[in-house]
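Colleague: Terminal number for the sequence shown in our numbering: 274, no gaps in between.
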Amino acid sequence: MAKRNGWIKMPKEFEQIRKNSDLGDSYVLAYEEENRILSCLMKSLFPGDTSNQLKQFDNEFLAVKENEKLEFVDSYLSEKLGGDLFHLFEKLSDATNEDQEIVRKELEALSEDEKREIFLSRQLFFAYIYAYFYNHIALMVHGQKLTTLVPLALKGNQKAFCKAIQVDRNILTGHPYFRDTYARLQTGENPNFLTDITSYINRPPIQGRIEYPALYMLFAVLDGFKWLDEITAREILDLYNGMGFSGDHGYIEDENSVVKKRIEYRKKQKTGF
2 MAKRNGWIKM PKEFEQIRKN SDLGDSYVLA YEEENRILSC LMKSLFPGDT
52 SNQLKQFDNE FLAVKENEKL EFVDSYLSEK LGGDLFHLFE KLSDATNEDQ
102 EIVRKELEAL SEDEKREIFL SRQLFFAYIY AYFYNHIALM VHGQKLTTLV
152 PLALKGNQKA FCKAIQVDRN ILTGHPYFRD TYARLQTGEN PNFLTDITSY
202 INRPPIQGRI EYPALYMLFA VLDGFKWLDE ITAREILDLY NGMGFSGDHG
252 YIEDENSVVK KRIEYRKKQK TGF
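1) Return yes when the Cβ of Y28 is within less than 9 Å of the Cβ of G225, no when it is not.
2) Within 10 angstroms of the Cβ of F162, are there 16 or more other Cβ atoms? Answer buried if so, exposed if not.
3) Check for me: the alpha helix (DSSP H) holding I275 runs from which residue to which?
4) In the DSSP assignment, find the unbroken alpha helix (DSSP H) run with F220 in it and report its ends.
5) With burial defined as no fewer than 16 other Cβ atoms inside 10 Å of the residue's Cβ, what is the status of M141: buried or exposed?
6) Taking Cβ to Cβ, would you say A234 is nearer than 9 Å to V260?
7) L150 lies in the alpha helix (DSSP H); which residues open and close that run?
8) In three-state DSSP terms, what is I119?
9) Nearest-angstrom Cα distance between T188 and R267?
10) When the Cα atoms are used, what is the spatial distance from W8 to E67?
11) According to DSSP, is H176 helix, strand or coil?
12) Is it buried or exposed, K262, if we count other Cβ atoms within 10 angstroms and call 16 or more buried?
13) If you draw a straight line from the alpha carbon of L121 to that of S45, how long is it in whole angstroms?
14) What did DSSP end up calling I130 once you bin it into helix, strand or coil?
15) Classify Y178: buried if its beta carbon has 16 or more other beta carbons within 10 angstroms, exposed otherwise.
16) How many angstroms separate the CA atom of K156 from the CA atom of Y32?
17) Would you check if the segment 188-203 and the segment 49-56 touch, i.e. whether three or more CB-CB distances between them fall below 8 Å?
18) Considering only residues of the same chain and omitting the five flanking positions on each side of A154, which have a CB-CB separation below 8 Å?
19) Less than 8 Å between the CB atoms is what I'm expecting for I253 and L216, so what's the real figure, rounded?
20) For K227 and F134, I'd like the C-alpha separation in whole angstroms.
21) Need the endpoints of the alpha helix (DSSP H) that T235 sits in, please.
22) Indicate whether P192 and E34 have their beta-carbon atoms separated by less than 9 Å.
23) Suppose you measure from the CA of E14 to the CA of E69; what does that come to, to the nearest Å?
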């Protein structure tokens, strides 16, 4: 965000996967209902008979001792993702042309059914990544998730329409209602609404400098679970340290700083970023 002056864009590796998997902008349909976002993740991790596989996972999870549950989940996800999430993203960003060629040949050697399952799983996984990320950027910037703003816009709320596309412009091309509404406005049907839309399109979601972007994204995720005001500054600091930012520029070192930044975050939600 700092490099792009407040404009938010996914890494080029993610964009390439989104293009190659034919996911396109269709992930924005998940904003109509928050459960759809989690459903994308579940269906990517449990392809095929998702319901029965989830039940099996639940049974195995319940059978594990309480102090071993987190390790069980970590191990399960690591097996599904071929490593932990950070390792997966690292592999994507560091992949050379030779690596990509090897993956391409491996895919070509698979049967059509196997290819279809892999592509569907990849589509769903990255639909989850995109929708989850932008959903929480909206919560950070506007105090409302896209899963709140988009349903409001579908009911005719013009302000919600504008706020939603400011955070994720792919909604304008990927969602039929937004696409059709925007096209219809080009004919002069509602010039004031079109002016508002244009204003939000030209306005980056983050208009000021965020000194601690990772901390603010952590705030947004906690906010999404409605934990931000309940969790202690010490617990937030422990989570932040666990993300591996110790020693980085602008590193948060004490609880007082967390408290101040949390207050600042809440103010910015009301006044704008």
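We put the beta carbon where it would ideally sit given N, CA and C, even for glycine.
Predicted model only: the values in this text are computed from it and were never measured.
Modeller: Short version:
1) Position 224 of the sequence shown, counting from 1, holds the residue named residue 225. Position 27 of the sequence shown, counting from 1, holds the residue named residue 28. Contact flag unset, no.
2) Position 161 of the sequence shown, counting from 1, holds the residue named residue 162. Buried, by the Cβ-count rule.
3) The chain is shown from 2 up to 274; residue 275 falls before or after that span and cannot be answered.
4) Translated into positions along the sequence shown, residue 220 becomes position 219. Taken as a continuous stretch (DSSP letters only), the alpha helix (DSSP H) holding F220 covers 214-225.
5) To locate residue 141, count along the sequence shown from 1; it is residue 140. Burial call: buried.
6) If you number the sequence shown from 1, residue 234 lands on position 233. If you number the sequence shown from 1, residue 260 lands on position 259. Taking 9 Å as the Cβ cut-off, A234 and V260 qualify as a contacting pair.
7) Locating residue 150 in the sequence shown gives position 149, where the first residue counts as 1. Here the alpha helix (DSSP H) through L150 covers 147-155.
8) Residue numbering aside, residue 119 sits at position 118 when the sequence shown is read from its first letter. Of the three classes helix, strand and coil, the one that applies to I119 here is helix, per DSSP.
9) Within the sequence shown, numbered from 1, the residue matching residue 188 stands at position 187. Within the sequence shown, numbered from 1, the residue matching residue 267 stands at position 266. Straight-line Cα distance between these residues: approximately 39 Å.
10) On the sequence shown, residue 8 is found 7 positions in, with the first residue counted as 1. On the sequence shown, residue 67 is found 66 positions in, with the first residue counted as 1. Roughly 43 Å between the two C-alpha positions.
11) Position 175 of the sequence shown, counted from the start, is the residue given in the question as residue 176. H176: coil per DSSP, three-state reduction.
12) Translated into the one-based positions of the sequence shown, residue 262 becomes position 261. Per the 10 Å Cβ criterion, buried.
13) Here residue 121 refers to the residue found at position 120 when the sequence shown is read from its first residue. Here residue 45 refers to the residue found at position 44 when the sequence shown is read from its first residue. For L121 and S45, the distance between alpha carbons rounds to 7 Å.
14) Indexing the sequence shown from 1 puts residue 130 at position 129. I130: helix per DSSP, three-state reduction.
15) Taking the sequence shown and counting its residues from 1, the one referred to as residue 178 is at position 177. Y178 is exposed by the Cβ-count criterion.
16) The sequence position of residue 156 within the sequence shown is 155, counting from 1. The sequence position of residue 32 within the sequence shown is 31, counting from 1. Approximately 14 Å between the Cα atoms of the pair.
17) no
18) One-based indexing of the sequence shown puts residue 154 at position 153. Cβ within range, chain order: A161, F162, A165, Y178, F179.
19) Taking the first residue of the sequence shown as 1, we reach residue 253 at position 252. Taking the first residue of the sequence shown as 1, we reach residue 216 at position 215. Yes, I253 and L216 are in contact; Cβ-Cβ is about 6 Å, under 8 Å.
20) Position 226 of the sequence shown holds residue 227. Position 133 of the sequence shown holds residue 134. The straight-line gap from Cα to Cα measures roughly 16 Å.
21) Here residue 235 refers to the residue found at position 234 of the sequence shown. Thr is not the amino acid found at residue 235; the sequence shown has Arg there. Unbroken alpha helix (DSSP H) run through R235: 234-243.
22) As a first step, residue 192 is located in the sequence shown; it is residue number 191 there, counting from the start. As a first step, residue 34 is located in the sequence shown; it is residue number 33 there, counting from the start. No, the Cβ-Cβ distance between P192 and E34 is not below 9 Å.
23) If you number the sequence shown from 1, residue 14 lands on position 13. If you number the sequence shown from 1, residue 69 lands on position 68. The straight-line gap from Cα to Cα measures roughly 34 Å.
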